[in-house]
Amino acid sequence: MLETGVAHEQLGGSIVVITGPAPATHGADHLAALPAILVSHTASTLADVVIPESDLDVLIGAVRRAPLASCALVMLLRASEALSVEEGLLAESTTYSMLQGGPEFLEWRRTYRSKPRVPEIGPAVRVEATDDGLDISLTRPHVHNAFSRRMRDEVCEALTLAVAAGPTCRVTLRGAGPSFCSGGDLSEFGTFPSIAESHVTRLRRSPARLLAQISDRVTVLLHGACMGAGIELPAYAHRVIAAPDTTISLPEIGLGLIPGAGGTWSIPQRIGRQRTAWLGLTGLPIDATTALDWGLVDDIVEPSS
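In terms of my numbering, the sequence shown opens at residue 79 and continues consecutively.
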């Protein structure tokens with residue numbers, strides 16, 4: 079079927095379980111281009127997700143909730159393996175923008191009920207000079223440091239200072255309050271002037287791009303909820319230290335979207351695209367111990383009092 083030209087139509091958007099021996103090179107090329115979620119229960123470089131058979135129902139249930147976003151995610155992860163960080167960020171933003179105009183995100187917007195907004199007091203980010211660089215803190219603790227547009231802009235300003243300061247400037251990134259960062263501020267989702275403007279803004283004001291430039295001198299301290307941007311951005315850092323209470327997840331598929339803060343490039347660099355796909359497709363959380371085992375964090379340390 080793969081070489082008949084009908085596989086894309088008949089299997090597109092579905093979950094395809096790979097069984098038996100690996101196909102020949104030509105067949106493997108067709109399989110890698112298939113717009114479907116490729117699953118294997120044994121090690122396979124072709125699969126988007128490698129899971130035990132007992133986890134298949136969990137994956138099926140998750141994909142059914144947002145099949146378009148799910149398919150877009152795995153195809154992006156396949157392509158991003160061969161892309162530079164700049165190319166990866168462009169591909170991610172393009173895919174994210176497409177999904178913002180799709181039925182799954184529009185349905186989420188229709189049913190989402192935002193909570194009353196708490197007045198903002200002070201900056202969203204605090205920057206302090208240290209003996210060897212900058213200490214950058216996310217300071218919206220009342221919303222678990224939800225990553226708002228204002229916070230994004232202030233993080234970009236702080237990281238631009240670090241870039242300009244040169245290679246001796248060390249950066250520590252942390253979050254105030256109960257969590258490092260609970261992901262994007264949902265109250266702002268879908269409030270962009272237009273999809274095109276949102277796409278261009280993501281590329282112009284990209285904390286991920288700046289972190290990638292200075293990644294070798296960045297340490298991130300995680301604790302509490304680290305969702306969406308709260309793990310996508312830390313994954314660019316040379317060193318990521320988690321407190322024992324750290325919980326990590328990628329919940330964007332549940333909104334009809336994909337990770338959009340640079341995580342489709344940064345997280346696979348640490349844990350591979352198959353584990354990234356599992357996190358993204360299911361939205362299920364992992365704890366600090368699992369994150370350490372996978373290589374998503376580099377150490378688990380009790381926070382200092």
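Where is the CB? At the ideal position from N, CA and C, for every residue including glycine.
Buried or exposed: where does residue i fall if 16 or more other Cβ atoms within 10 Å of its Cβ makes it buried?
i, result
"tyrosine 190", "exposed"
"isoleucine 331", "buried"
"threonine 360", "buried"
"valine 278", "exposed"
"glycine 184", "According to the sequence as given, residue 184 is leucine; it is not glycine. It counts as exposed."
"proline 145", "buried"
I'd like the list of long-range same chain contacts for residue i, defined as Cβ closer than 7 Å, with 5 residues on each side in sequence excluded.
i, result
"isoleucine 326", "Cys304, Ile309, Pro363, Ile364, Ala369, Leu374"
"proline 381", "His301, Ala321"
"leucine 288", "Cys234, Leu237, Thr238, Val241"
Need the endpoints of the beta strand (DSSP E) that residue i sits in, please.
i, result
"aspartate 213", "211-216"
"alanine 320", "317-320"
"glycine 207", "Contrary to the premise, residue 207 reads as alanine rather than glycine in this sequence. 203-207 is the span of the beta strand (DSSP E), which, as asked, contains alanine 207."
"alanine 303", "303-305"
"glycine 244", "No beta strand (DSSP E) holds glycine 244; DSSP gives it neither H nor E."
"serine 118", "115-118"
Of the choices the options, whose alpha-carbon is the least far from that of residue i?
i, options, result
"threonine 172", "Arg142, Leu300, Leu335, Arg351", "Leu335"
"alanine 307", "Pro219, Ser192, Ala224, His220", "Ala224"
"alanine 140", "Ser284, Ile93, Cys259", "Ile93"
"isoleucine 214", "Arg348, Ser226, Ala240, Val221", "Ala240"
"valine 196", "Glu232, Arg204, Ser265", "Ser265"
"threonine 250", "Pro219, Asp210, His222", "Asp210"
"glutamate 198", "Glu275, Glu185, Leu357, Met229", "Met229"
Who are the Cβ neighbours of residue i in its own chain at under 8 Å, not counting the five residues just before and after it?
i, result
"threonine 82", "In this prediction, threonine 82 scores a pLDDT of 49, lower than 50, which makes its location untrustworthy; no coordinate-derived value is stated."
"arginine 156", "Ala110, Asp126, Arg351"
"histidine 316", "Ser293, Asp294, Arg295, Val296, Thr297"
"glutamate 159", "Pro346, Arg351"
Among residues of its own chain, excluding the 5 on either side of residue i, which ones have a beta-carbon nearer than 6 Å to its beta-carbon?
i, result
"glycine 268", "Arg187"
"isoleucine 273", "Ser175, Gln178, Gly179"
"valine 318", "Val298, Pro312, Val375, Asp376"
"arginine 280", "Ser171"
"alanine 290", "Val163, Tyr314"
"alanine 254", "Ser215, Thr217, Pro219"
Tell me where the alpha helix (DSSP H) around residue i begins and ends.
i, result
"glutamate 330", "Careful: glutamate 330 lies outside any alpha helix (DSSP H) and carries neither H nor E."
Can the beta-carbon of residue i be found closer than 8 Å to that of residue j?
i, j, result
"valine 163", "tryptophan 343", "yes"
"alanine 125", "isoleucine 96", "yes"
"glutamate 232", "alanine 202", "yes"
"leucine 212", "cysteine 259", "no"
Using a Cβ-based criterion (distance less than 7 Å to any ligand heavy atom), does residue i qualify as near the ligand ZN?
i, result
"glutamine 178", "The ligand content of the structure shown is nil, which means the ligand ZN is not present either."
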